[in-house]
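Structure first, then comments.
In UniProt numbering, the protein residues as written are 1 to 302.
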């Protein structure tokens, strides 16, 4: 299997099109197309869906993961030979709440790796594992403790969420000492955000939840700001809401706590750079409360 063809496949998947991949590789779109056709002929499978954006088929995902592993190892080998770190894209899937809070020191640490580059994919922590399984990333912040095939898991701790709102919003929908959860406007991060549904279990039945006034704010910082100005009540991380709770701009709506266990899943690959990245993630996550359970299948010594 031609390594150049694998590199081309990886570029197409990362960039989302044959044309942009050609520009990144410094060749013509025709050359990119010919390489992919040759690779598909070699393996006897269609590897790329010619859509916008271009995506890998199931067979293509297998080769994308192999290509990404090869790229990382090649870059580290070049670093050892040349005495300097070549540009190594560290592709990581992370949820928006983690990026807005505890994950930020990882950016500082990677800045000290030399010329390594960081490519973050933002996705809900319940769905980041899909990107890891497809080979789109080499590590992911996830809720899933069971390792993906070829990966290992490191427990990070607990992301703790609380229901908050402005004092005025709470008072408006407070009657007889009880909150009217059905009528009080709410905030939702996006279509994959299931945390609020978890928080509402036992308070509202599913039919009532569907009829509520819900604003969708797909930005962690924007989500918190929407809560601060009273657009709706929100389920937010304690790490993020602390200052606003202390200032009184936001108040807790009840004593309920939603805990989300977070894990770092990464390829099981002998790579100094991947080990350094894992150490950076573990160090940044030290601010999280510890999980009460450490499931089987986690990384040795974790």
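Cβ coordinates follow ideal geometry from the N, Cα and C atoms, glycine included.
None of these values were measured; they are calculated from a predicted model.
Going straight from the alpha carbon of residue 127 to that of residue 179, what length do you get?
Residue 127 and residue 179: Cα-Cα distance of roughly 32 Å.
Hey, is the segment 58-69 in contact with the segment 121-137, meaning 3+ C-beta pairs nearer than 8 Å?
Judged by Cβ distances under 8 Å, the segment 58-69 makes contact with the segment 121-137, as three or more pairs qualify.
What runs of the beta strand (DSSP E), each 3 residues or longer, lie entirely inside the segment 39-119?
If we require 3 residues or more, the beta strand (DSSP E) runs fully inside the segment 39-119 come out as 89-94.
Pick helix, strand or coil for residue 134, following the three-state DSSP scheme.
In the structure shown, residue 134 sits in a helix (DSSP, three-state: H, G or I).
Residue 220 by DSSP, collapsed to three states: which one?
In this structure, residue 220 counts as helix in the three-state DSSP scheme.
Would you grab the beta carbon distance between residue 101 and residue 237 for me? Rounded to a whole angstrom, and I think it's under 8 Å.
About 6 Å separates the two Cβ atoms, so the contact holds.
Taking C-alpha atoms, which residue in 269, 117, 20 and 249 lies nearest to residue 150?
Cα-wise, what sits closest to residue 150 is 269.
Around the C-beta of residue 39, are 16 or more other C-beta atoms found within 10 angstroms, so that it is buried, or is it exposed?
Buried: at least 16 other Cβ atoms inside 10 Å.
Roughly how many angstroms separate the alpha carbons of residue 83 and residue 284, rounded to a whole number?
Confidence is the limiting factor: at residue 83 the pLDDT is only 49, short of 50, which leaves the residue's position unreliable and the question unanswerable from this model.
Where do the ends of the alpha helix (DSSP H) carrying residue 8 lie?
Per DSSP, residue 8 belongs to the alpha helix (DSSP H) from 3-15.
Could you check whether the segment 1-14 touches the segment 33-52, counting it as contact only if at least three pairs of C-beta atoms, one from each stretch, sit closer than 8 Å?
These segments touch.
Using the Cα positions of residue 173 and residue 183, report the straight-line distance between them to the nearest angstrom.
Computed Cα separation, rounded: 7 Å.
How about residue 96 and residue 215: are their beta carbons less than 8 Å apart?
Not a contact, by the Cβ cut-off of 8 Å.
Within the continuous beta strand (DSSP E) that includes residue 171, where are the two ends?
Taken as a continuous stretch (DSSP letters only), residue 171 belongs to no beta strand (DSSP E), being part of the alpha helix (DSSP H) at 167-172.
Given residue 276, which residues of its chain have a CB within under 8 Å of its CB, disregarding the five upstream and five downstream residues?
Closer than 8 Å at Cβ, skipping near neighbours: 109 and 113.
How far does the beta strand (DSSP E) with residue 187 in it reach, from first residue to last?
186-188 is the span of the beta strand (DSSP E), which, as asked, contains residue 187.
Need the endpoints of the alpha helix (DSSP H) that residue 24 sits in, please.
Looking at the DSSP string, the run of the alpha helix (DSSP H) that includes residue 24 is 18-25.
Terminal residues of the continuous alpha helix (DSSP H) containing residue 281?
Element bounds for residue 281: 272-284.
If contacts are defined as beta-carbon pairs under 8 Å, then residue 186 and residue 232 qualify, I think. What distance do you get, rounded to the angstrom?
That belief holds up - the Cβ atoms of residue 186 and residue 232 are roughly 5 Å apart, short of 8 Å.
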